[in-house]
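For the sequence shown, counting from 1, position 81 maps to 94 in the numbering used here; every step adds exactly one.
Ideal Cβ positions, reconstructed from N, Cα and C, are used throughout, including at glycine.
In this text the structure is predicted, and so the values were computed from the model without any measurement.
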Amino acid sequence: MSFRKQGPKAWQKEHDHLACVEEAIARARQVCLEKGVRLTSMRLRILELVWRNHKPVGAYALLDEIKLVHQSAAPPTIYRALDFLMEHGLVHRIQSLNAYVGCSDPGHIRSGIMLICNGCGDALEIDEATISESIASFTRKLGFEVTSQSIEATGMCPGCRV
Numbered sequence: 014m015s016f017r018k019q020g021p022k023a024w025q026k027e028h029d030h031l032a033c034v035e036e037a038i039a040r041a042r043q044v045c046l047e048k049g050v051r052l053t054s055m056r057l058r059i060l061e062l063v064w065r066n067h068k069p070v071g072a073y074a075l076l077d078e079i080k081l082v083h084q085s086a087a088p089p090t091i092y093r094a095l096d097f098l099m100e101h102g103l104v105h106r107i108q109s110l111n112a113y114v115g116c117s118d119p120g121h122i123r124s125g126i127m128l129i130c131n132g133c134g135d136a137l138e139i140d141e142a143t144i145s146e147s148i149a150s151f152t153r154k155l156g157f158e159v160t161s162q163s164i165e166a167t168g169m170c171p172g173c174r175v
């Protein structure tokens, strides 16, 4: 099981969120460079807003933030940017909340498991290969073709359980 290499950073006592955001942006730039796609200023700003903290953020909340600078921004602008960021593995959509969070392992498009804290609202991605492999194996046996997969677990993070 991998938790962003060292464990869920937001749930670590000594979490440096500024460094977390800087690392996410640098990795996003690298992914786009390697794929030969443009990380436009709007896409970058949306990514920065998503990474502002580890709480899922909705498209309309992003729109409200963008409108502070670009008054003419409209929902399609936000959704196009989010679609691009999801397509390239830079953000994930949390289905149950209709909201978005930054991807802890940019560029690797796969189905992780989202842990969502009912207390503070933080959402963290874990990548547990055995769960994904079990689902893939079972669906293959059934002849079922998975086109989309989302696994979400809600509960209380260590900080909220104290």
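Helix, strand or coil: how does DSSP classify residue i here?
i      : result
Asp135 : coil
His30  : helix
Glu47  : helix
Asp77  : helix
Leu98  : helix
Arg65  : coil
Met55  : helix
Leu128 : strand
If residue i and residue j are in contact, beta carbons under 8 Å, what's the gap, nearest whole angstrom?
i      : j      : result
Ala72  : Pro89  : Contact doesn't hold; Cβ gap of about 10 Å is too wide.
Gly102 : Val159 : Gly102 to Val159, Cβ: 17 Å. No contact.
Lys68  : Ala136 : 7 Å
Glu138 : Cys116 : 7 Å
Pick from the options: whose alpha carbon is nearest that of residue i?
i      : options                     : result
Thr53  : Ile107, Leu76, Phe97        : Phe97
Ala94  : Ile148, Ala41, Leu60, Val44 : Leu60
Val70  : Ser109, Arg51, Gly125       : Ser109
Gly172 : Asn131, Glu146, Ser163      : Asn131
Val50  : Ala74, Glu36, Glu100        : Glu100
Using a threshold of 8 Å, state whether the C-beta atoms of residue i and residue j are closer than that.
i      : j      : result
Ala166 : Leu128 : yes
Ile91  : Ile79  : yes
Ile126 : Ile148 : no
Asn66  : His105 : no
Pro119 : Arg58  : no
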